[in-house]
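One structure is given below, encoded as structure tokens.
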Amino acid sequence: MIDRKQGLAAIARHVTDADIVLPVYSTAFDWIDIRPNPLNYLSHGAMGLASSHALGLALGRPDKRVIVLDGDGSLLMNLGTLVTTAEAAPKNLFHFVCENGTYEANGGHPIPGRGHVSFAGMARSAGYKNVYEFSDLKIFEQQAGAILAEQGPVFVCLKIVSSGDQERDYSRLHGPHVRKAFRDALGAN
Amino acid sequence: MSASAGVAAGRTVAGLSGQSIIREIKSSGIQFVVSVPDITTSEGLLRPLAKLTDPRLIRICKEDEGVAICAGLSFTGKRGLLLIQQTGLLDSINAVRGVAVEYNLPICMMVGLLEKEVGVMPRQSKRYGVRIVEPILDAMGIAYHNIEEDGDVGKIRPAIDKAFADSKPVVLLIGQRPS
Numbered sequence: 013m014i015d016r017k018q019g020l021a022a023i024a025r026h027v028t029d030a031d032i033v034l035p036v037y038s039t040a041f042d043w044i045d046i047r048p049n050p051l052n053y054l055s056h057g058a059m060g061l062a063s064s065h066a067l068g069l070a071l072g073r074p075d076k077r078v079i080v081l082d083g084d085g086s087l088l089m090n091l092g093t094l095v096t097t098a099e100a101a102p103k104n105l106f107h108f109v110c111e112n113g114t115y116e117a118n119g120g121h122p123i124p125g126r127g128h129v130s131f132a133g134m135a136r137s138a139g140y141k142n143v144y145e146f147s148d149l150k151i152f153e154q155q156a157g158a159i160l161a162e163q164g165p166v167f168v169c170l171k172i173v174s175s176g177d178q179e180r181d182y183s184r185l186h187g188p189h190v191r192k193a194f195r196d197a198l199g200a201n
Numbered sequence: 764m765s766a767s768a769g770v771a772a773g774r775t776v777a778g779l780s781g782q783s784i785i786r787e788i789k790s791s792g793i794q795f796v797v798s799v800p801d802i803t804t805s806e807g808l809l810r811p812l813a814k815l816t817d818p819r820l821i822r823i824c825k826e827d828e829g830v831a832i833c834a835g836l837s838f839t840g841k842r843g844l845l846l847i848q849q850t851g852l853l854d855s856i857n858a859v860r861g862v863a864v865e866y867n868l869p870i871c872m873m874v875g876l877l878e879k880e881v882g883v884m885p886r887q888s889k890r891y892g893v894r895i896v897e898p899i900l901d902a903m904g905i906a907y908h909n910i911e912e913d914g915d916v917g918k919i920r921p922a923i924d925k926a927f928a929d930s931k932p933v934v935l936l937i938g939q940r941p942s
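As given, the protein sequences belong to chains W and P, one line each in that order.
Just so you know, we're using our numbering here: the first sequence kicks off at 13 and counts up by one.
Just so you know, we're using our numbering here: the second sequence kicks off at 764 and counts up by one.
Here's what the structure looks like:
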């Protein structure tokens, strides 16, 4: 299993200041400390929708890489997004899922199908051509850069464990200042 | 709000041209139509829209996806239109609440009213699933407009322009099958 912060740091090494990144819930609180940047798109409005926001961003700005850092519980709430994204086929969209088998932000209860569901398998069946799954940090670190240089849509499942307690100040994700900062930064890019 | 509460049920209405609606959609600067098929708008709107490259049609699996796709598009300066049925609107209320209303985003929804009787205003419909739509939108503070005959089509572009100018959601209720 991959420690989430270490897995995110491996991604961050290949993320530029011009990239749009959409991290969700627990991943978001780790990510915004690893890569504080106004092009982090943090306000998703309802659980499960980050990848759909990402599709809109990717279609609207095909010149920019759009990277989703999803959760397994979140993806389960919006599985159709895999089919929709595969059909729309944005070349600039990268969908990572941090799989820890729990609804971590909602009390740590297990997700349905924990340990049996294959998110990579579902992405492949939905029509994604470039699909990966990692549970070893060193192997992921070696391949992360090449994966982020591929033509999207790309799907990557990271088998992770939490990096420990977090201070969850949701105003850092949902506050109007966050969306204004993103809008201003995207407009200037 | 342009709801016409109090209008007598069973009034005579003219037809509704799908091509006129498409002209309004295009003149409103809509670049993406995001849709789950709706039987009211299936033949007169969605099928001809699917033949166009501009606006581009994005077929989605569930309506709440579309709310978020249109939100993402809005941040890029592109205009999306969510074309769905009222059943999908009802299914997506939490997404509309969180994304469109609480974030003040210009999510434009064109909603076919399944089983609404032609010439009957939605509030006066005998169908529960139709009758509740406007009160729910009122409760959510979302602007809406009834588009039931060709004379109503002129409301579309100003409604979409206002949604983007004010950064607020809007719903366009399609009250009969466009030809």
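Beta carbons: idealized from backbone N, C-alpha and C, even for Gly.
Simplified DSSP assignment, three categories, for residue i
i                      : result
residue 26 of chain W  : coil
residue 906 of chain P : strand
residue 134 of chain W : helix
residue 765 of chain P : Residue confidence for residue 765 of chain P is low, a pLDDT of 43 falling below 50, so the modelled location carries little weight; the figure read from the coordinates is stated next. Of the three classes helix, strand and coil, the one that applies to residue 765 of chain P here is coil, per DSSP.
residue 63 of chain W  : helix
residue 859 of chain P : helix
residue 866 of chain P : coil
residue 107 of chain W : strand
residue 114 of chain W : strand
residue 178 of chain W : coil
residue 798 of chain P : strand
residue 770 of chain P : Confidence at residue 770 of chain P is low in this model, with a pLDDT of 45, below 50, so its placement is unreliable and the value that follows should be read with caution. Coil.
residue 148 of chain W : coil
residue 163 of chain W : coil
When the options are compared against residue i, the one with the closest alpha-carbon
i                      : options                    : result
residue 135 of chain W : W/70, W/172, W/155, W/97   : W/97
residue 937 of chain P : P/835, P/921, P/784        : P/784
residue 107 of chain W : W/118, W/95, W/72, W/184   : W/95
residue 933 of chain P : P/780, P/910, P/942, P/939 : P/910
residue 854 of chain P : P/874, P/887, P/843        : P/874
residue 847 of chain P : P/835, P/829, P/863, P/837 : P/829
residue 178 of chain W : W/63, W/51, W/42, W/21     : W/42
residue 146 of chain W : W/119, W/112, W/126        : W/112
residue 86 of chain W  : W/99, W/150, W/39, W/163   : W/39
residue 930 of chain P : P/862, P/807, P/890        : P/862
residue 190 of chain W : W/46, W/18, W/54, W/21     : W/54
Beta carbon proximity, residue i to chain P, threshold 8 Å
i                      : result
residue 95 of chain W  : yes
residue 108 of chain W : no
residue 183 of chain W : no
residue 111 of chain W : no
residue 104 of chain W : no
residue 55 of chain W  : yes
residue 160 of chain W : no
residue 51 of chain W  : no
residue 191 of chain W : yes
residue 195 of chain W : yes
residue 157 of chain W : no
residue 90 of chain W  : yes
Minimum Cβ-Cβ distance from residue i to chain W less than 8 Å
i                      : result
residue 858 of chain P : yes
residue 865 of chain P : yes
residue 862 of chain P : yes
residue 929 of chain P : no
Integer Cβ distance of residue i from residue j, believed to fall under 8 Å
i                      : j                      : result
residue 832 of chain P : residue 797 of chain P : 5 Å
residue 105 of chain W : residue 156 of chain W : That pair is no contact at about 16 Å.
residue 788 of chain P : residue 844 of chain P : 6 Å
residue 88 of chain W  : residue 123 of chain W : 6 Å
residue 780 of chain P : residue 941 of chain P : 6 Å
residue 82 of chain W  : residue 63 of chain W  : 6 Å
Against chain W: residues of the segment 821-832 of chain P by CB proximity under 8 Å:
821, 822, 823, 824, 825, 827, 828, 829, 830, 831, 832
Can you give me, in chain order, the residues of the segment 835-851 of chain P that have a beta carbon less than 9 Å from any beta carbon in chain W?
835, 836, 837, 838, 839, 840, 841, 843
If contact means a Cβ-Cβ distance below 9 Å, which residues of the segment 136-147 of chain W contact chain P?
none
What residues in the segment 783-800 of chain P have a beta carbon less than 9 Å from any beta carbon of chain W?
794, 795, 797
Residues, ordered as in the chain, of the segment 66-81 of chain W that lie near chain P by beta-carbon distance below 8 Å
66, 67, 68, 69, 70, 71, 72, 73
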